[in-house]
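K.L.:
Got a structure for you, questions after.
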Amino acid sequence: MRQFDLSSGFSPGPGRGKGMRIWVSGSIARDLIMDFPGRFADFIDVKKIHVLSLSFTVRNLRENIGGTAANIVYNLACLGERPDLVGAIGYDQPKLRSYFQKLRVGTSHLTTSKTKLTSAAYIITDRDDNQITGFHPGAVEEVSIFPRGARTGDYAVIAAQTPGNMTRLAKFYRSRGIRYIFDPGQQAIAFRKTDLRTGIAGAAVLIGNDYEIALIASSLRGRRAEATSSPAGLLLRQMADRKDAVLVRTLGPKGSEIYTGRKKIRIGIAKPRRVVDPTGAGDAYRAGFLKGLILGYNLKTCGQLGATVASFVVEEYGTQNHKFSWNTIKQRYKKNFRENLQ
0 MRQFDLSSGF SPGPGRGKGM RIWVSGSIAR DLIMDFPGRF ADFIDVKKIH
50 VLSLSFTVRN LRENIGGTAA NIVYNLACLG ERPDLVGAIG YDQPKLRSYF
100 QKLRVGTSHL TTSKTKLTSA AYIITDRDDN QITGFHPGAV EEVSIFPRGA
150 RTGDYAVIAA QTPGNMTRLA KFYRSRGIRY IFDPGQQAIA FRKTDLRTGI
200 AGAAVLIGND YEIALIASSL RGRRAEATSS PAGLLLRQMA DRKDAVLVRT
250 LGPKGSEIYT GRKKIRIGIA KPRRVVDPTG AGDAYRAGFL KGLILGYNLK
300 TCGQLGATVA SFVVEEYGTQ NHKFSWNTIK QRYKKNFREN LQ
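In numbering that gives the first Met the number 0, the protein residues as written are 0 to 341.
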């Protein structure tokens, strides 16, 4: 795996206020990324989906450091933050701890399993940037850690890992009045309805892509009044703890949408120099969005900053092979959104 070099291309942006900490939980994984030159849709017969059996010949097999939490803390580190990583690695990747420490990421809540392998994601991307992923949770199944010292005023991100751990962390942060971003991601289909409601109810921000948001809303529909609700309206009502709750729906190349109780904000994309691999763009968006919240930006600017950070990820294979400085972020932001980023 690639070693991070702080001396090359790393110029952090403005940091957070003293005393505030950022707790990021989720998976830390080996990403095995493969390209399929065709389209998945050309090989899937919806009339025979019940007997689906496919094999794709892929190219450009590469292994990188990845995982939801790992990707988010990487981008936060590039943005000048020093987040704390809450998660687990396996006995097979002992060097990952020092890798994150070189990024200035806190590792006191990063455990190492003595019996399980590090989480692994096997990702196939087709020519339209659609993805099929097989995920082995490995060491993350063991972790059940609560951040020591977490307090009101901190921020937290609960990114995709095992539903049980996500639910426990949501209850923990909720009981302490800590603002958290709830990001069920690929695990949305694995949640029990009651646990999903628990995670959403205390969230300051609920985020997911178009498919995930629709899936979450569908799983929570029940009462007749909810059956006709829009996904955004339904989910915002579930975020009962906060009057200022926010729902973010990412739409890939179509940008993103930010919903509050009163309005919808459309966010365009920031154009990359090239598009090589979309893997990790969503995690980068989340890091940029959170950076904006930390700096006190309005929601539109937070979304546009998220889009700008995401544009750097897609220029390289893998989720942590890109670099940027705060100045290059500001330049690309201004070029795409016609306004200055302070």
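Glycine is no exception: its CB is placed at the ideal position from the N, C-alpha and C atoms. Computed from a predicted model, the values in this text were never measured in an experiment.
Taking Leu-60 as part of the beta strand (DSSP E), name the residues at either end of that continuous run.
P.N.:
Looking up residue 60 in the sequence shown gives position 61. Its beta strand (DSSP E) spans residues 58–65.
K.L.:
Taking only the alpha-carbon atoms, compute the straight-line gap between Ala-202 and Tyr-179 and give it to the nearest angstrom.
P.N.:
As a working note, residue 202 is residue 203 in the sequence shown. As a working note, residue 179 is residue 180 in the sequence shown. Cα to Cα, the separation comes out at about 5 Å.
K.L.:
For the beta strand (DSSP E) that Ile-122 lies in, which residues bound it at each end?
P.N.:
Position 123 of the sequence shown, counting from 1, holds the residue named residue 122. Unbroken beta strand (DSSP E) run through Ile-122: 118–124.
K.L.:
Kindly indicate the opening and closing residues of the beta strand (DSSP E) around Tyr-258.
P.N.:
Translated into the one-based positions of the sequence shown, residue 258 becomes position 259. Counting along the chain, the beta strand (DSSP E) containing Tyr-258 begins and ends at 255–258.
K.L.:
Could you pull out every residue in the same chain whose Cβ sits closer than 6 Å to the Cβ of Tyr-355, ignoring the five residues on either side in sequence?
P.N.:
There is simply no residue 355 to check, as the chain begins at 0 and stops at 341 in what is shown.
K.L.:
What is the DSSP secondary structure of Glu-225, reduced to helix, strand or coil?
P.N.:
Along the sequence shown, one-based indexing puts residue 225 at 226. The predicted position of Glu-225 is uncertain, since its pLDDT is 46 and thus under 50; no value can be drawn from it.
K.L.:
Can you round the beta-carbon distance between Arg-220 and Ala-269 to whole angstroms, since I take them to be within the 8 Å contact cut?
P.N.:
Position 221 of the sequence shown, counted from the start, is the residue given in the question as residue 220. Position 270 of the sequence shown, counted from the start, is the residue given in the question as residue 269. Contact flag wrong, Cβ pair sits at about 34 Å.
K.L.:
Short check: CB of Met-238 to CB of Gly-198, under 8 Å?
P.N.:
Residue numbering aside, residue 238 sits at position 239 when the sequence shown is read from its first letter. Residue numbering aside, residue 198 sits at position 199 when the sequence shown is read from its first letter. No, the pair does not count as a contact, with Cβ atoms beyond the cut-off.
K.L.:
Does Phe-39 come out as helix, strand or coil in the three-state DSSP assignment?
P.N.:
Counted from its first residue, the sequence shown places residue 39 at position 40. In this structure, Phe-39 counts as helix in the three-state DSSP scheme.
K.L.:
At 4 residues or longer, what runs of the alpha helix (DSSP H) sit wholly inside the segment 162–216?
P.N.:
162–174, 192–200
K.L.:
In the DSSP assignment, find the beta strand (DSSP E) that holds Gln-130 and state where it starts and stops.
P.N.:
On the sequence shown, residue 130 is found 131 positions in, with the first residue counted as 1. First-last of the beta strand (DSSP E) with Gln-130: 130–135.
K.L.:
Going by DSSP, which residues form a beta bridge with Trp-22?
P.N.:
Your numbering for residue 22 matches position 23 in the sequence shown. Answer is Asp-83, Ala-155, bridged to Trp-22.
K.L.:
Whose CA, out of Ser-324, Glu-211, Pro-136, lies closest to the CA of Gly-25?
P.N.:
Here residue 25 refers to the residue found at position 26 when the sequence shown is read from its first residue. Of Ser-324, Glu-211, Pro-136, the residue nearest in Cα terms is Pro-136.
K.L.:
Spatial neighbours of Gly-152 within its chain, please: C-beta separation below 6 Å, excluding the five flanking residues on both sides.
P.N.:
Counting from 1 along the sequence shown, the entry for residue 152 is found at position 153. Counting only Cβ-Cβ distances below 6 Å, and skipping sequence neighbours, we find Met-19.
K.L.:
Identify which residue in Ser-174, Ser-310, Arg-248 has its Cα closest to the Cα of Ala-283.
P.N.:
Within the sequence shown, the letter at position 284 stands for residue 283. Looking at the Cα atoms, Ser-310 is the closest of the given residues.
K.L.:
Measure from the alpha carbon of Lys-322 to the alpha carbon of each residue in Asn-70, His-49, Asp-127, Thr-249, then state which is nearest.
P.N.:
To locate residue 322, count along the sequence shown from 1; it is residue 323. The residue with the shortest Cα to Cα distance from Lys-322 is Asn-70.
K.L.:
Quick one, which of Tyr-73, Leu-78, Ser-112, Asn-320 has its alpha-carbon nearest Gln-100's?
P.N.:
If you number the sequence shown from 1, residue 100 lands on position 101. When only C-alpha atoms are compared, the closest one is Tyr-73.
K.L.:
Here's a check: name, in chain order, each residue in its chain whose Cβ is nearer than 7 Å to the Cβ of Phe-171, leaving out the five neighbours to either side.
P.N.:
As a working mapping, residue 171 is identified with position 172 in the sequence shown. These residues qualify, in order along the chain: Phe-145.
K.L.:
Suppose the cutoff is 7 Å on Cβ atoms and the five residues either side in sequence are ignored; what does the same chain contact list for Arg-103 look like?
P.N.:
As a working note, residue 103 is residue 104 in the sequence shown. Excluding residues within five positions, the ones whose Cβ falls inside 7 Å are Ala-76, Arg-81.
K.L.:
For Gly-295, which of helix, strand or coil comes out of DSSP?
P.N.:
Numbered from its first residue, the sequence shown carries residue 295 at position 296. Correct three-state label for Gly-295: coil.
K.L.:
Determine, using beta carbons only, whether Leu-219 comes closer than 8 Å to chain D.
P.N.:
In the structure shown, chain D cannot be found, because there is only a single protein chain.
K.L.:
Per DSSP, what are the beta-bridge partners of Gly-105 in this structure?
P.N.:
The sequence position of residue 105 within the sequence shown is 106, counting from 1. Answer is Asp-83.
K.L.:
So is Gln-92 buried or exposed if we call it buried at 16+ other beta carbons inside 10 Å?
P.N.:
The sequence position of residue 92 within the sequence shown is 93, counting from 1. Label assigned to Gln-92: buried.
K.L.:
Going by C-alpha distance, which of Arg-126, Lys-46, Thr-110 is nearest Ala-138?
P.N.:
Translated into positions along the sequence shown, residue 138 becomes position 139. The shortest Cα separation from Ala-138 among Arg-126, Lys-46, Thr-110 belongs to Thr-110.
K.L.:
Which of the three DSSP states, helix, strand or coil, is assigned to Leu-347?
P.N.:
Because the chain here runs from 0 to 341, residue 347 falls outside it and cannot be looked at.
K.L.:
Rounded to a whole number of angstroms, what is the C-alpha to C-alpha distance between Gly-305 and Leu-53?
P.N.:
Taking the first residue of the sequence shown as position 1, residue 305 is located at position 306. Taking the first residue of the sequence shown as position 1, residue 53 is located at position 54. When rounded, the distance between both Cα atoms is 35 Å.
K.L.:
By the DSSP assignment, the beta strand (DSSP E) with Lys-263 in it spans what residues?
P.N.:
Along the sequence shown, read from residue 1 onward, the residue named residue 263 stands at position 264. Looking at the DSSP string, the run of the beta strand (DSSP E) that includes Lys-263 is 263–266.
K.L.:
If the criterion is Cβ atoms closer than 8 Å, does the pair Ile-88 and Thr-117 meet it?
P.N.:
Locating residue 88 in the sequence shown gives position 89, counting from the first residue. Locating residue 117 in the sequence shown gives position 118, counting from the first residue. Yes, the Cβ-Cβ distance between Ile-88 and Thr-117 is below 8 Å.
K.L.:
Under a Cβ-count criterion, where at least 16 other Cβ atoms within 10 Å of its own Cβ denotes burial, should Ser-229 be classed as buried or exposed?
P.N.:
Numbered from its first residue, the sequence shown carries residue 229 at position 230. With fewer than 16 other Cβ atoms within 10 Å, it is exposed.
K.L.:
Can you look up Leu-78 in the DSSP assignment and give me helix, strand or coil?
P.N.:
Taking the sequence shown and counting its residues from 1, the one referred to as residue 78 is at position 79. Leu-78 falls in the coil class under three-state DSSP.
K.L.:
Name, in chain order, the residues that DSSP records as bridge partners for Val-245.
P.N.:
For this step, residue 245 is matched to residue 246 along the sequence shown. In the DSSP output, where bridge partners are listed per residue, Val-245 has Val-204.
K.L.:
Which residues mark the beginning and the end of the alpha helix (DSSP H) in which Arg-331 is found?
P.N.:
Mapped onto the sequence shown, residue 331 falls at position 332. Element bounds for Arg-331: 325–336.
K.L.:
Taking 8 Å as the threshold (C-beta atoms), are Leu-195 and Ile-215 in contact?
P.N.:
Working through the sequence shown from its first residue, we reach residue 215 at position 216. Working through the sequence shown from its first residue, we reach residue 195 at position 196. Yes, the Cβ-Cβ distance between Ile-215 and Leu-195 is below 8 Å.
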